[in-house]
Amino acid sequence: MDLFSGRWVPSQHLRIFDWYNAGVFSTLPAWIRRYPSHLSNLSDLRINVKNLQEEDLRVLGMLPSLRILGLCSTHQTERLLVIGADAFHCLATFIVHLTPPAQIIFGQGVLPRAEEVGFSFGVRLAKDEGNDDFDSGLGNLLSLQRAFLRICCGGVTVGVARKAEAVLRHQVDVHPNHPEATISTGQSIPQDADEDQLL
928 MDLFSGRWVP SQHLRIFDWY NAGVFSTLPA WIRRYPSHLS NLSDLRINVK
978 NLQEEDLRVL GMLPSLRILG LCSTHQTERL LVIGADAFHC LATFIVHLTP
1028 PAQIIFGQGV LPRAEEVGFS FGVRLAKDEG NDDFDSGLGN LLSLQRAFLR
1078 ICCGGVTVGV ARKAEAVLRH QVDVHPNHPE ATISTGQSIP QDADEDQLL
């Protein structure tokens, strides 16, 4: 889906670009990467890309008026995406779903105005990368009011999945804003499931 890539240059007055359900871009569109300063009025961006890179988030974070960001990747290869403090100063809504799930880590001082955040958390990937405490950095989101977390537990034991869910719930519970939270797992775990059972 590269209809809007290549030579297309958007109007400087573009405020909303919602292509979320219309198709998948192979990469972050060139008109965003090449002309972020040209998009000074863009406040709402929703797109699907095959693979989201940390550099893409850096570019998107430079959009000065962006308040709503919805991203979905269908063939995610980059396993760790760190959102730095120098980006997304106006963003109020940050929703990112990556398939397969990657680790999204929110650094200190990041997304200072974000009230609503949603993302998928890959438990197996977190363990593989040494993040055994399952820290997502939710506590660094100082304006957080609503969180939507999807915990992806494939390839880990029931015990590890339960620990990850408990830790993420605790991160929400101890947040000073007491945000509303919807936390779901990709699959239901029976109460009587053996802790060593692989999901």
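Residue 928 is where the sequence shown starts when you use this note's numbering, and the numbers rise one by one after that. The beta carbon of each residue, even a glycine, is placed where N, CA and C say it ideally should be. If you're wondering where the values come from, they're calculated on a predicted model, not measured in any experiment.
query, result
"Straight-line Cα distance separating glycine 1034 from isoleucine 1010", "6 Å"
"CB of valine 1018 within 8 Å of CB of arginine 994, strictly", "According to the sequence displayed, residue 1018 carries leucine and not valine. Yes, they are a contact pair."
"Residues that DSSP places opposite cysteine 1080 in a beta bridge", "For cysteine 1080, which the question treats as bridged, DSSP gives no partner whatsoever."
"Simplified DSSP assignment, three categories, for serine 1111", "strand"
"Reference cysteine 1080; option with closest CA among Arg1040, Leu1125, His1102", "Leu1125"
"For glutamate 1042, the three-state DSSP class (helix, strand or coil)", "coil"
"Cβ neighbours of aspartate 971 in the same chain (closer than 6 Å, five flanking residues each side left out)", "Ile943, Ile995"
"Best match in Leu990, Thr1001, Glu1043, Ile1078 for proximity to serine 1115 [C-alpha to C-alpha]", "Ile1078"
"Integer-rounded CB distance, given that serine 992 should sit under 8 Å from leucine 1025", "That pair is no contact at about 25 Å."
"According to DSSP, residues forming a beta bridge with threonine 1004", "Partner(s): none; threonine 1004 has no beta bridge."
"Stretch pair the region 1027 to 1042 + the region 1051 to 1058: three plus CB contacts closer than 8 Å", "yes"
"Distance between alanine 1074 and arginine 973 (C-alpha atoms, nearest Å)", "18 Å"
"Backbone CA spacing between leucine 990 and serine 964 [nearest angstrom]", "7 Å"
"Short Cβ contact (8 Å threshold) for isoleucine 1110 with arginine 1089", "no"
"Limits of the unbroken beta strand (DSSP E) element including aspartate 971", "971 to 976"
"Identified DSSP bridge partners for arginine 1073", "Glu1043, Glu1107"
"Pairwise C-alpha distance: serine 953 and methionine 928", "Confidence in methionine 928 is poor, its pLDDT being 49 and thus under 50, which makes the residue's placement unreliable; the coordinate value appears in the next sentence. Rounded to the nearest angstrom, the two C-alpha atoms are 7 Å apart."
"Nearest-angstrom beta carbon gap, valine 1085 and glutamate 1122 [assumed within contact, 8 Å]", "5 Å"
"Beta-bridge partners of glutamine 1030, as assigned by DSSP", "Leu1007"
"Own chain partners of glutamate 1107 with C-beta closer than 8 Å, once the 5 adjacent residues on each side are dropped", "Gln1072, Arg1073, Ala1074"
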